[in-house]
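Chains as they are written, first to last, in our numbering: chain A, 943 to 1070; chain B, 1213 to 1402; chain C, 205 to 556.
The C-beta atom is built at its ideal place from N, Cα and C for all residues, glycine as well.
Computed from a prediction, not measured in an experiment: that's the story for all the values here.
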């Protein structure tokens, strides 16, 4: 059994080569009458002629979701080492201490979470 | 040159190349994609050093979360193609930035060279302060490993317990700050 | 040492074998989805190409390759080509940590040829196997985000931003729902997680049972499947982020979606249903080691097949959520629920 990370380099190489090969194949094989067709058609927006550029302003809520995701992702990341070593700490008698540590950590974050909900940061429909 | 060295230098090549891509590419989305490549390369570097937990977290947090936010912001602030074309890419500025980057990296190289004359031998030979045993199922032997999640947790919950608890406060402040900033934005922009 | 006894050669062989199996599985999953959908709606479904329509995926593949390439007029061509590549490569990298078989002791003759005592169909078993899978699956967001942005279509961009926000929201509860299992195992590598469940699956423990439902809902949302397939809401967004894609570039998105589903089914079977382990009373009843392995692997595939079927079953049974409902479920139900389950799991493990 291999426990290192080097096989993923080979894995990536094979996967990328496979995908590149298929993309190459699609550029080489094409229908005989493809010269007549339009290679660069306009974007399909339900058949209505396109107006302006698609890359406009976006609702700020998506941005809030991304910010909140970072914060809670970092929090989840701290739970992983805690979960891995919890059995060891329990065996050495420190289990309750470590559990209390993580409870404090989680409670402080729950305060932030409730603030977020109360302020309606993730309210997708405007109340008014 | 052995295989780890070859890998190290090829990852370095990717890292430096993608860092230059971030700075010099005119399209902000492509710059962000170069930054993604940079972070993935950094994760590969961590894995090469044996810090596997850091490697996975590098991808999970930086690539999976922070770069998504960056891309959202780039899409949010509406960078149009015309604005991109007006941004000059004159040769003079490119040369100046390149020279500056090279000068700084040379300086760092000299400084670090002074500190690292021992080539890290004391780190390799000295007993690892935190390590853990991991079972290899095929051979049945136990390997001593430094740098996985267990080792990190020993450091986190014993030596750096107070900083760990403070992190939760930092995250709390981040929640409050994020909400306050975007609240302000929402009232004025919409 | 001969060239065929090196580790590198065997890694290449394993990657090639699993890649072939998963790709074929993904291709046939598209057929199965259409056939099962037909059964749910009392139709026949595709049954012309070959017996039972079994050659349909092949016919689809040939047709996709023969299609002409088109690019939207004001698209960013490089990123437009890159997006399906990212999607496919990440879904091909995702199964890198999954152990498909237990460690199989090889007979004498095979030991002499391969130069190793045992064999396991797994690319590598890193210490942070679960985290590796999460890291790779978090990269899958970029395929969708870049596809929508580069094709410069309003509907595509909206769909991709929606899908990205949805995926990152449910990634939180997905990651947190694993933590009870890590607590009970004390390890992050998938082989140990399977071995620990030899006599009782994690589904039958209290925190495992609670976390299972969070995990199940999260993988549906994570793979953009039906109750959560807001990215492809046809009535609102044409077909979503891959509206502008045609030919094999479209096929890349399709097949990566189905390969992701297969990998997530395997992961669910590993994390909660015990993988290929056989309980002691069954393994003691089977005397032959090879039969034991065959039974274990067969059972593993059966468990994964259940989830594969569940994806289709739910798709044709449950209507789609509205987007605000989806985000509310993600942030106001799943996230606090999974945090509470983590806390319950901590107390459970401490008291046990």
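Could you tell me whether any Cβ in chain A is nearer than 7 Å to the Cβ of residue i?
i, result
"residue 431 of chain C", "no"
"residue 1369 of chain B", "yes"
"residue 1340 of chain B", "Caution is warranted here: a pLDDT of 45 is assigned to residue 1340 of chain B, below 50, making its placement in the model unreliable, and the coordinate value is therefore given only provisionally. Cβ-Cβ to chain A under 7 Å: no for residue 1340 of chain B."
"residue 1380 of chain B", "yes"
"residue 1257 of chain B", "no"
"residue 1297 of chain B", "Annotation note: pLDDT 49 at residue 1297 of chain B (below 50); position unreliable, no value reported."
"residue 1394 of chain B", "yes"
"residue 528 of chain C", "yes"
"residue 1361 of chain B", "yes"
"residue 1280 of chain B", "yes"
"residue 277 of chain C", "yes"
"residue 333 of chain C", "no"
"residue 1261 of chain B", "no"
"residue 219 of chain C", "yes"
Hey, could you find the ends of the alpha helix (DSSP H) residue i is sitting in?
i, result
"residue 461 of chain C", "451-476"
"residue 994 of chain A", "No alpha helix (DSSP H) contains residue 994 of chain A, which DSSP labels as neither H nor E."
"residue 484 of chain C", "484-487"
"residue 280 of chain C", "It is not in any alpha helix (DSSP H) - residue 280 of chain C carries neither H nor E in the DSSP assignment."
"residue 239 of chain C", "211-244"
"residue 1060 of chain A", "1037-1060"
"residue 1406 of chain B", "Look at the range of chain B in this structure, 1213 to 1402, and you will see that residue 1406 of chain B is not part of it."
"residue 389 of chain C", "358-389"
"residue 269 of chain C", "260-270"
"residue 494 of chain C", "493-519"
"residue 1367 of chain B", "Residue 1367 of chain B -> no alpha helix (DSSP H), and no H or E assigned at all."
"residue 1258 of chain B", "1240-1261"
"residue 970 of chain A", "949-970"
"residue 1221 of chain B", "1215-1236"
Taking the DSSP output, what are the residues bridged to residue i?
i, result
"residue 323 of chain C", "C:308"
Any beta-carbon of chain C closer than 7 Å to the one on residue i?
i, result
"residue 952 of chain A", "yes"
"residue 1294 of chain B", "Caution applies to residue 1294 of chain B, whose pLDDT of 49 falls short of 50 and renders its modelled position unreliable; the value that the coordinates give is listed next. Not an interface residue."
"residue 1036 of chain A", "no"
"residue 1018 of chain A", "yes"
"residue 1047 of chain A", "no"
"residue 1285 of chain B", "no"
"residue 977 of chain A", "no"
"residue 1403 of chain B", "Given that chain B is displayed from residue 1213 to residue 1402, the structure contains no residue 1403 of chain B and the question cannot be resolved."
"residue 991 of chain A", "no"
"residue 1376 of chain B", "no"
"residue 944 of chain A", "yes"
Just to check my reading of the structure: residue i and residue j have Cβ atoms closer than 8 Å, yes? What is that Cβ distance to the nearest angstrom?
i, j, result
"residue 451 of chain C", "residue 985 of chain A", "17 Å between Cβ atoms; not a contact."
"residue 539 of chain C", "residue 341 of chain C", "Contact doesn't hold; Cβ gap of about 18 Å is too wide."
"residue 418 of chain C", "residue 545 of chain C", "7 Å"
"residue 512 of chain C", "residue 469 of chain C", "5 Å"
"residue 329 of chain C", "residue 944 of chain A", "7 Å"
"residue 475 of chain C", "residue 548 of chain C", "About 17 Å; that fails the 8 Å criterion."
Would you please verify whether the beta carbon of residue i is less than 7 Å from any beta carbon of chain B?
i, result
"residue 1054 of chain A", "yes"
"residue 427 of chain C", "no"
"residue 1015 of chain A", "yes"
"residue 1061 of chain A", "yes"
"residue 960 of chain A", "no"
"residue 336 of chain C", "yes"
"residue 1044 of chain A", "no"
"residue 947 of chain A", "yes"
"residue 957 of chain A", "no"
"residue 1000 of chain A", "yes"
"residue 1021 of chain A", "no"
Grab me the residues of residue i's own chain with a C-beta within less than 8 Å of its C-beta, minus the 5 sequence neighbours each way, in chain order.
i, result
"residue 1216 of chain B", "1260"
"residue 286 of chain C", "350, 354"
"residue 518 of chain C", "424, 429, 430, 431"
Report all residues from its chain with a CB closer than 7 Å to the CB of residue i; omit the five preceding and five following residues, and keep chain order.
i, result
"residue 1237 of chain B", "1243, 1246"
"residue 1250 of chain B", "1227, 1230, 1231, 1234"
"residue 368 of chain C", "345, 348, 349"
"residue 1220 of chain B", "1260"
Could you pull out every residue in the same chain whose Cβ sits closer than 6 Å to the Cβ of residue i, ignoring the five residues on either side in sequence?
i, result
"residue 323 of chain C", "308, 310"
"residue 1368 of chain B", "1376"
"residue 1361 of chain B", "1265"
"residue 301 of chain C", "333, 336, 337, 394"
Would you mind telling me which residues of chain D sit closer than 7 Å to residue i, beta carbon to beta carbon, in chain order?
i, result
"residue 1024 of chain A", "Although the question refers to chain D, the structure presented lacks it and instead comprises the protein chains A, B and C."
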